[in-house]
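These notes are about the structure you will find just below.
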Amino acid sequence: MKKYEPQEIEKKWQKYWEDNKTFQTTESGDKQKFYILDMFPYPSGSGLHVGHPKGYIATDVIARMKMMQGFNVLHPMGWDAFGLPAENYAIANKVHPREGTNKNIEIFKKQLGMLGFTYDWDREVNTTDSDYYKWTQWAFIQMFKRGLAYESHEPINWCPSCKTGLANEDLEDGNCERCGTQVEQKPLRQWVLGITKYADRLLEGLDQLPEWEHSIKEMQRHWIGRKEGINIEYDVDNLDEKIICFTTRPDTNFGATFVVVAPESEFVKNNFDKFFDKDEIDKYIEEALKKSDIDRIAEGGQKTGVFTGLYATNHLTGKKMPIYVSDFVLANVGTGAVVGVPGHDLRDFEFAVAKDLEIIRVVIGKDGDASPITKLEQVQEETGVMINSEFLDGMDIHEATEKIMDHIEKNGWGKRVVNYKLRDWVFSRQRYWGEPIPLVKCESCANKKYNYLFVHGYTAQSDSVFWPNLKEKLEGMGNTVCSPDLPNTEEPNIDAQVKYIEDNIDFEIDENTIIVSHSLGGVVTYKLLERLKTKVSKVLLVDPVVTPKFPDKKRPVVEKSCDWNFDWEKIKGLSDEFVILGDMDFGTISENDLRNLKEHLDAKLYLEKPKERHFTGEKEVGVQNMLANTGWFPVPEDQLPLELPNVENYEPSGTGESPLANIDEWVNTECPKCGGPAKRETNTMPQWAGSCWYYLRYEDPHNDKALVDREKEKYWSPVDLYVGGAEHATRHLIYARFWHKFLYDIGVVSNDEPFTKLQHVGLILAEDGRKMSKRWDNVVNPDDIVGEFGADAMRVYEMFMGPFDQPCAWSTKGVVGTKRFLDKVWKLQEKVIEVESENNSLTTLVHQTIKKVGKDIEEMKFNTAISTLMEFTNTLTKEEKISKAGYAVLIKLISPFAPHIAEELWNSLGNKESISTIKWPKYDPELIIDDVITVVAQVNGKVRDEFQVAVDISEEEIKKLVLDSDKVQKWLEGKEPKKVIYVKGKLVSIVV
RNA sequence: GCCGCGGUGGUGGAACUGGUAGACACGAGGGACUUAAAAUCCCUUGGCCUAUGGUCGUGCGGGUUCAAGUCCCGCCCGCGGCACCA
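Position in the first sequence (first residue = 1) + 18 = the working numbering.
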C-alpha cells in the first residue's frame, strides 16, 4: 500500500475535476434544483486566512451531498470587488484599482482552488465588470423612474478621512466602519434610495422566513424599528404655528408638563425671532451643533437646555407647558420635538430635575401606576404629584393608549402615525471605485414649465378623488393645471366628454402639454388625440381602459360609451412619449389590455402596486413620481453600461464631489430629453450596490439582454440555502431583500423573498482567542495548513471544531487529529476483502451511520456527522477484515468532507467515475434497530444496575428481571416498591 | 438601559420530544515498537473517598417530576445587536 500523500492526490483530483468540468451546472428539467450560495468575498490584498473558507466548506459539503442525492446543484462563486481598499491602494501606488483588484482575485481564486470546491467557474461574477454593473445601473434606473431613487440635500454622515458620505448602516458606534474615524453631520447633495417605503414589507416578510435564524430576524426587526404612535399638535401662545410632538405613550399625557425641541429642528428655525432670550439660545444651539452624536451620548444623563419663552397648551389638562431647546432631542427622530412627561420617562425626568420643572405621575394601569419603573422611581415618588387620568383610570396601558389616541384624533388634536428607525439609504459616494450613477442633469429641462391636462375616469369628479394633491404640487412648481369636470359620469359618452374638454380647456393643447388620464379617461384621451393636429409633450395613462372587458365584470354602461374603434397609428404619432402606469394586481384593467396598449402606442409600461386599487388614492406616489420634473434623466438604457472612465487622480476631493467631476469630456454630455448640453452625475454607488442582486446573476451570468432570464430565474430562484457572516444582518441582507422586493414588483423576479434559508457562520478566532489579524500577528494561512496536512484534513477540521454557527478558536493540533483520522481511513483499504455482506452487528452500524451522517449534514451539524464517521472508522479498524461494500459506504459518506481522498480510494476500489456522480447511500429503517439493547435500572432516581436484553422484551419480563436483580434488591432494602415505571427500551425506574 | 444568544472535564465540544452526563477529538500520564527520536499501536484520564464499591458533579439559589444539562421562578457572568429613538 502507498502512503497517504494528500498534496499529491489533491492536485491530481483538482485537475481531474477541472479537465472534466465535473461541476458544470446547466438547467435540467428532470432533476430537482438546489441553489446553495455563499456570501461572495471582497478580494482583499492580504489573501485568505484560515477562517474565511469555513462557510465555503460547509456549503461545499452540502452541495456535494445534494449532488449525490440527485439534485441539480447550483453552487457558484464571485467577487464583490468595488470598494475602498482597492482605491486607497491605487491612490498610494498610482495604479488603476482594476489592476490591484484583478491581482487579488487571482490570489483568492488560487487559494480557493486548493480546497477542492465544487464551484462552476463558468458562472463567476465580478461586480466591477461593466457587463455586470450594466445591470446594477439598470436596476438603479428602474428605481429612479419610480421615484425610489431621489435627490436630497439633507445633512448626512460624512467621514472626513474617507471623504465620503455614508449610510446609517455604515457606522459602528458613530464611527466610520471602514476607518474608525468619527463621522460628522454634513449637508450634502446626494442620491437616496427610498427603502423606508418597503419598511413594512421588509418587516412582514420576516414572518414568512421560518428557516432564517431567529437572531438575524430580530436584528432586522430592530433595525427597521417600527413604532406606532401619534403626532400631537399643540397650540403655542402668541404663535400661528402649532408644535407637533411624536409619542408612543400618549396614555401618560395627563402628566405632560413641558415640551422640548431639537436645536436643529424646523421649529427653531421658523420661530427664532419670537424667542425670549435670543443670544443665550443662539449660543446654546451653536454649542449643541458643534457636538457630535458621540459627545452628546458621552454626557449621559447630564441634561442641558434653554427656555424659549414660549408656552404650549396641554389639551387634556389646560396646563401651560414651557417650550425648551435641548440637545437630547434629535431633529431626525420623530418630529424633532418631544412632549415631556417626567413622571414616566427617565430622560424627561432628568430634564425636569435639571430645569426644576413640575413632575406628575398619572394613575393608569392595573395597579393605578403602571408606567415604566425607573431607577429614579423613589425620587419621583418623593417629588411627584399623583393625579388621575380621568377616563383612562384603571385601564391597562394598551387599552389606555388606544382610547387616548381615539380621543385626540376625534378632537382634531393629532393623528396616528407610524415611525421607523430605518432611514432611506444614502446611496452616493464621493469616491472613484464604484458604479457610476447613470443620471444626467439638464438645467434647461429642469426650468421648463408645462400645461397639464387631467382627464378623470368613470364616475369620478375632478375635484373629489382625482389626486387633488398632485394638482397642488404641480401648480406650486409653476405649472398650469386644467382639470375639467367631465359631464355625465354615471352614463358617460366619450365623444361628449372630448367635446367638453375642447370647449372648456383654458390653454392650447400643444408641445407644452402633458396629458394625464386615469381609467376611462384613457379612452377620452385616445379620442381627443385622434382629433389633434399638433403633438403633445407626453401622455401618462394611469391604469387606462382599453376595451370594456373588465376582469371584475363591473361597469356595464361603459360598453355603450363609445364605438371602441381607435386609430392607433394616428394616436401614436401625437406624442413622442407614452407612459402607461398599471396596477399589477390587474383588478380593474386586465394585463392583456395593458400589454396590447403598450404595443399600439409603443409606450413604456410600468406595473406597480398602488396604495389603493386602481390608483384611486388621494396621494398616489407612483403617479406623482412619474410627473416630477427635476431635470434629471436616466442614461438611455441602450447606452448602458455607463463605464467608469479612467482618471489621472483617484484622490477624493473632499468637497463633496467625486474624482469623476474633474473629467470634463465625461461630465459634459447631451440631454437625453432635449438634446441640449447636460452634465453627468459624478457620484458613484456604495460598495453594497453590487451585492444587492449578484445571486440572480449566477443564474444567468452572460445574459446581455436582461438582468436575468425569466425562465432561468424561475428555475433556480429562490436561493435554497444562504451562508455567510452575521455582520451582514442589517446591511447586505436588508439591502438585498429590499432590491429583491423591488425587482419582484417590476416583474424581474418571481418570488418576494430571495433566500429561503439563512445560516450564519461562526467566526474562527486565532489560537489566542482574539480575532485573526495582522495587527496581533496571529493569522494562520491556509496555504501552510494545506501544505502540511492537506486540504481534506483542513476541511474536516473546520467542520469538526465545533457547532457551525458558534465562534471557535483555531487549533493546529486539532488538524493533526483530523489528519490522523484520514490516515486511518486510508489504511483501512488493506483490510478490504471481496465479500458482499457484513456480520450482523456491522450491518446495523452501517445503516445507523448512513442515517445519522445524512441527517446531520442536512441540519448543518457537521461536527457530530464527523464524530459519527470517526466512530464508524474506529470500529472498522478493530475488525480483522472488512467488506468492500462497507468500506464503500464509508468513502461515500466521507466524500463531501474530504473529497480528494474519497476520489482516490474510490478509484483504487476499481471505480472509473468520479465519486461525486455516485448515488448517496440509503439506509434501511429496519436494519438500524439493534437486536440487543441496554436497559438501566433506577432506584429512587439513581442508576443501580443495567441489563443487556433482546429488543422485543415485554414489559412484564423486563420488570421481573430488574426486581429480581441482586443489586436492585440490595437498594430496595426489603421495602415494597411504590411504583415501577418502564420507559420502553431505556430504563426501569423503581420508587420506594 | 432594552432585545437576542449562551454558561457542561485541563481544552474544543457530545447528549433525540425530560430517561445511563462527558460521545468524538485535542492535551496529559503510562506502556509497546525503536540504539534513539518521530510516526504508529495499546491502556488510563470529571472531582473526592475507606476504590470490583460509594459519593458529589452541567454558572448560583429555589421549584416541578419516579427522573432535570434539558421544564418553571429568581439571580450572576459572558458574547452579539440596538441605544438620550420620544
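Glycine included, each C-beta is placed from N, C-alpha and C at the ideal position.
For residue i, I'd like the list of residues in its chain whose CB is within less than 8 Å of its CB, leaving aside the five on either flank, ordered along the chain.
i	result
residue 629	635, 637, 638, 639
residue 433	248, 249, 427
I believe residue i touches residue j by the beta-carbon criterion, under 8 Å. Please report the beta-carbon distance rounded to the nearest angstrom.
i	j	result
residue 650	residue 172	Not a contact, Cβ separation roughly 17 Å.
residue 869	residue 941	5 Å
residue 72	residue 816	5 Å
residue 15	residue 803	What is shown of the chain runs 19 to 1010, which leaves residue 15 out entirely.
residue 536	residue 600	Their Cβ separation, rounded to whole angstroms, is 12 Å, which puts residue 536 and residue 600 out of contact at 8 Å.
residue 542	residue 593	The Cβ separation is near 15 Å, so there is no contact.
residue 909	residue 923	5 Å
Beta-carbon within less than 7 Å of residue i's beta-carbon, same chain only, minus the 5 sequence neighbours each way: which residues are those?
i	result
residue 309	345
residue 148	659, 661
residue 152	658, 659
residue 730	45, 717, 718
residue 957	986, 989, 990, 1008, 1010
residue 748	187, 237, 238, 241
DSSP on residue i, reduced to helix/strand/coil?
i	result
residue 801	helix
residue 55	strand
residue 783	strand
residue 702	strand
residue 190	strand
residue 721	coil
residue 213	helix
residue 123	helix
residue 715	helix
residue 463	helix
residue 824	coil
residue 377	coil
residue 987	helix
residue 601	strand
residue 96	strand
residue 505	coil
residue 695	strand
residue 81	helix
residue 393	Reliability of the predicted coordinates at residue 393 is poor, the pLDDT of 42 falling under 50, and no value is obtained from them.
residue 348	coil
Between which residues of its own chain and residue i is the CB-CB distance below 6 Å, once the five residues before and five after are set aside?
i	result
residue 507	477
residue 302	324
residue 228	none
residue 162	652
residue 254	261, 328, 330
residue 961	954
To which residues does DSSP link residue i through a beta bridge?
i	result
residue 710	BP columns for residue 710 are empty, so no partner.
residue 1007	956, 999
residue 339	330
residue 263	250
residue 1016	Residue 1016 lies beyond the stretch modelled for the chain, which goes from 19 to 1010, so this question has no answer here.
residue 183	176
residue 452	Bridge partners of residue 452: none, in fact.
residue 197	Paired residue(s): none; residue 197 is not in a bridge.
I'd like to confirm something about residue i: is its beta-carbon nearer than 7 Å to some heavy atom of the ligand GTP, or not?
i	result
residue 427	In the structure on display, the ligand GTP does not appear, and there are no ligands present to speak of.
Checklist entry - So does the region 409-421 actually touch the region 263-279, counting three or more Cβ pairs closer than 8 Å? => result Verdict: yes, contact present.
Next on the checklist: Across the region 210-223 and the region 242-250, are there enough close Cβ pairs to call them in contact, namely three or more that are closer than 8 Å?
Outcome noted: yes
Checklist entry - Between the region 74-91 and the region 30-50, do at least 3 Cβ pairs fall closer than 8 Å? => result yes
Checklist entry - Counting Cβ pairs, one atom from each stretch, are 3 or more of them under 8 Å apart for the region 434-441 and the region 494-503? => result no
Next on the checklist: With a threshold of 8 Å, are at least 3 pairs of Cβ atoms found where one atom belongs to the region 19-30 and the other to the region 914-923?
Outcome noted: Short answer: they touch.
Checklist entry - Taking contact to mean at least 3 C-beta pairs separated by less than 8 Å, is the region 670-687 in contact with the region 114-121? => result no
Checklist entry - Can at least three beta-carbon pairs, one atom from the region 249-267 and one from the region 347-356, be found at a separation below 8 Å? => result yes
Checklist entry - Taking contact to mean at least 3 C-beta pairs separated by less than 8 Å, is the region 553-565 in contact with the region 610-628? => result yes
Next on the checklist: Contact between the region 703-713 and the region 461-476 is defined here as three or more beta-carbon pairs at a separation below 8 Å; is this criterion met?
Outcome noted: The region 703-713 vs the region 461-476: no contact.
Item to check | the region 686-695 contacting the region 450-467, beta-carbon criterion three pairs below 8 Å | outcome: yes
Next on the checklist: Three or more C-beta pairs under 8 Å: does that hold for the region 515-534 against the region 547-554?
Outcome noted: yes
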